[in-house]
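Engineer: Quick note, the sequence shown lines up with residues 3 to 175 if you use the working numbering.
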Amino acid sequence: MTDEETLKTKIEELEQKKTELIDRIKALNRRIRYKEYEEKALKPFLEQTKDVQIAPFRKQRRALEFRIATAAYTPRMEKELIKQLKKIDEELDKHKEVERARRKIKYVEQDITDGKTEITTIEVELKTIRDELRKLYDEMKTYRISARKQQQALAKADEDLVALGDLAMIEKE
3 MTDEETLKTK IEELEQKKTE LIDRIKALNR RIRYKEYEEK ALKPFLEQTK
53 DVQIAPFRKQ RRALEFRIAT AAYTPRMEKE LIKQLKKIDE ELDKHKEVER
103 ARRKIKYVEQ DITDGKTEIT TIEVELKTIR DELRKLYDEM KTYRISARKQ
153 QQALAKADED LVALGDLAMI EKE
């Protein structure tokens, strides 16, 4: 009986682990689906703004900040450079949404690939668990079949035995 009980506990543990992994895959699939919808929503906006260049503005801004820090000898010169810096900042503010969308699409794509790789690793783990469960179920089946055969053999042996009362009945006849 202990062998059957250990098999049952192993099977229950593996079944529980299997359901946890399946639930994790379901959650990952929901997350991937959400991220794909998010990606679909961002694509048209990014297509419209694909020719917007942000890097030159950032480069100009850094160069101006450096010039303000190093080459502004007079307050008037510094004011002029600060005015130019404010104009560049205004341009950058106009394109902030584009930059944010570009950054967000990278994160979304990364989340999608991470989710898919995690799903593939979980599926490999699930496959090993299923194979192990199949072996345990086969063991349990053979164990039960052998137990049933033993019970049938005992029942047959009991049939072969003659009870004392039956023996008395036979002698009377």
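Backbone N, C-alpha and C define an ideal beta-carbon position, used for all residues, glycine too.
Please report the distance separating the alpha-carbon of Met3 from that of Ile121.
Structural biologist: Here residue 3 corresponds to residue number 1 of the sequence shown, with the count starting at 1. Here residue 121 corresponds to residue number 119 of the sequence shown, with the count starting at 1. Low local confidence applies: a pLDDT of 44 at Met3 is under 50, so the model's placement there is unreliable, with the coordinate-based value given in what follows. So the alpha carbons of these two residues sit roughly 38 Å apart.
Engineer: Just tell me which of Lys88, Glu41, Ile13 has its CA closest to the CA of Tyr109.
Structural biologist: Your numbering for residue 109 matches position 107 in the sequence shown. Selected option, being the one with the closest Cα: Glu41.
Engineer: Between Ile131 and Lys19, how many whole angstroms is the CB-CB distance? I'm expecting something under 8 Å.
Structural biologist: In the sequence shown, the residue the question calls residue 131 occupies position 129. In the sequence shown, the residue the question calls residue 19 occupies position 17. So it is a contact: roughly 6 Å between Cβ atoms.
Engineer: For Leu94, which residues of its own chain have a beta-carbon under 6 Å away from its beta-carbon, when the five flanking residues on both sides are left out?
Structural biologist: The residue you call residue 94 lines up with position 92 of the sequence shown. The residues are Phe59.
Engineer: Does the contact criterion of 3 or more C-beta pairs under 8 Å hold for the segment 47-59 versus the segment 89-107?
Structural biologist: The answer is yes - the segment 89-107 touches the segment 47-59, with three or more Cβ pairs under 8 Å.
Engineer: Select from Glu80, Glu134, Lys88, Leu16 the residue whose C-alpha is nearest the C-alpha of Gln62.
Structural biologist: To locate residue 62, count along the sequence shown from 1; it is residue 60. Among Glu80, Glu134, Lys88, Leu16, the Cα nearest to that of Gln62 is on Lys88.
Engineer: Should Lys37 go down as buried or exposed, given a rule of 16 or more other Cβ atoms within 10 Å for buried?
Structural biologist: On the sequence shown, position 35 is the one that residue 37 refers to. The residue is buried, with at least 16 neighbouring Cβ atoms inside 10 Å.
Engineer: Mind checking whether the beta-carbon of Arg105 lies closer than 7 Å to any heavy atom of the ligand HEM?
Structural biologist: As far as ligands go, the structure on display features none, and thus does not contain the ligand HEM.
Engineer: With DSSP run on the structure shown, which of helix, strand or coil describes Ile84?
Structural biologist: Here residue 84 is taken as the residue at index 82 of the sequence shown, counted from 1. Helix.
Engineer: By Cβ distance below 6 Å, which residues in the same chain neighbour Leu128 in space, the five residues on each side in sequence not counted?
Structural biologist: The residue given as residue 128 occupies position 126 in the sequence shown. If we look at Leu128 and ignore the five residues flanking it on each side, its Cβ neighbours are Leu23.
Engineer: Rounded to whole angstroms, what is the Cα-Cα separation between Asp116 and Thr21?
Structural biologist: Reading the sequence shown from its first residue, position 114 is the one you call residue 116. Reading the sequence shown from its first residue, position 19 is the one you call residue 21. Between Asp116 and Thr21, the C-alpha separation is close to 21 Å.
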